[in-house]
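Numbering (the working numbering), first residue to last: 7 to 227.
Ideal placement from N, C-alpha and C gives every residue a C-beta, glycine not left out.
All of these numbers come straight from a predicted model, not from anything done at the bench.
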Amino acid sequence: MSRAPLKIAVLISGHGSNMAAIARECREGRLNARIGIVLSDRPGVAGLDTARAMGIEARAIPWQGAAQRGVFERSLEAALAEVKPDLIVLAGFMRILSPQFVASHAGRILNIHPSLLPKYTGLHTHRRALEAGEREHGASVHFVTAELDGGPLVLQSRVPVRSEDTEQSLSARVQKTEHIIYPRVIGWLAEGRLTWRQDRPWLDGHPLLDPVVEDFSADRN
Ligand code: GRF
């Protein structure tokens, strides 16, 4: 029996290229999922326009400062309740969600982070990787827990760092892989290959103890 499409809510703060990559995979039938809503904590960002141009409902829930996190999260919950998503996808979403919010959606929030976690949590990951003289870098898709960039890893992309790299060239190389690995993980969930049980991810019936790593070093860019 075929499965119902996975219903997704995507949270963004800016450009929305990961959101658009996921939306394209859905539209082209390569991903058995549907984006029900795109929500941004910043009004007027490009990702909202991109979503609307693709026929996806998109709204801003303006962030009013950390002291108002509770108000923000109540508005977020209200918008999510309209859609009842199976999965919340953080795609360039720059706010930290409260432990309460995360706990109430345990196993149903994914994030993508531009580094080979656990290396380089937080900001400016490409610059820091270059400064440290890393030979390889990448991106990580992980389940979200209360620990910032610390939830269980699912899939990582690995790219080479080249001697001529700038922050921009390295960022572009990593982002290209993000657009491949994020839809892939969502596809695993949609197919039921990836599940969340006993507070941890399982892939193909086994606890996922280490992330799957996809090596993009053969790509010439
Ligand atoms: C991505 O590089 C992602 O890893 C990070 O923020 C960036 C968002 O880009 N969390 P976009 O908004 O999806 O284009």
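Residue range E142 to F149 is occupied by the beta strand (DSSP E) that includes H148. Sequence-distant Cβ neighbours of V147 in its own chain, meaning closer than 7 Å and more than five residues away, are L116, I118, V160, L161, I187, Y188 and V191.
Residue E220 holds the alpha-carbon nearest to the alpha-carbon of T183 among E220, L82 and I94. Excluding sequence positions up to five before and after R58, its CB lies within less than 8 Å of the CB of A64, all in the same chain and listed in chain order. Counting only residues of its own chain and dropping the five nearest sequence neighbours on each side, A135 has a CB closer than 8 Å to the CB of S121, K125, Y126, H143, V167 and L176. Along the length of the stretch 86-171, whole beta strand (DSSP E) runs at least 3 residues long occupy 93-96, 115-119, 142-149 and 159-166, reported in chain order. In the three-state reduction of the DSSP assignment, E220 falls in the strand class, which pools E and B. Annotation: D155 to P213 spans about 20 Å, alpha carbon to alpha carbon. Of all alpha-carbon atoms in V44, Q106 and R203, the one lying nearest the alpha-carbon of I14 is that of V44. Remark: the shortest separation between the CB of H21 and any heavy atom of the ligand GRF falls under 7 Å. By the CB criterion at 8 Å, L12 and L93 fall inside the cutoff. With the rule of 3 Cβ pairs closer than 8 Å, the stretch 107-114 does not count as touching the stretch 26-39.
Per DSSP, reduced to three states, the secondary structure at G42 is strand. One alpha carbon belongs to P49, the other to I67, and they sit about 7 Å apart. Within the same chain, and ignoring the five residues on either side of I28 in sequence, the residues whose Cβ sits closer than 8 Å to its Cβ are I14, V16, L37, A39, I41, V95, A97, Y188, P189 and I192. For I67, the three-state secondary structure derived from DSSP is coil.
If you check the C-beta of E184 against the ligand GRF, you find a heavy atom less than 7 Å away.
In chain order, L161 place their CB closer than 6 Å to the CB of V218, counting only its own chain and leaving out the 5 sequence neighbours on each side.
By the neighbour-count criterion, in which a residue is buried when 16 or more other Cβ atoms sit within 10 angstroms of its Cβ, Q181 is buried.
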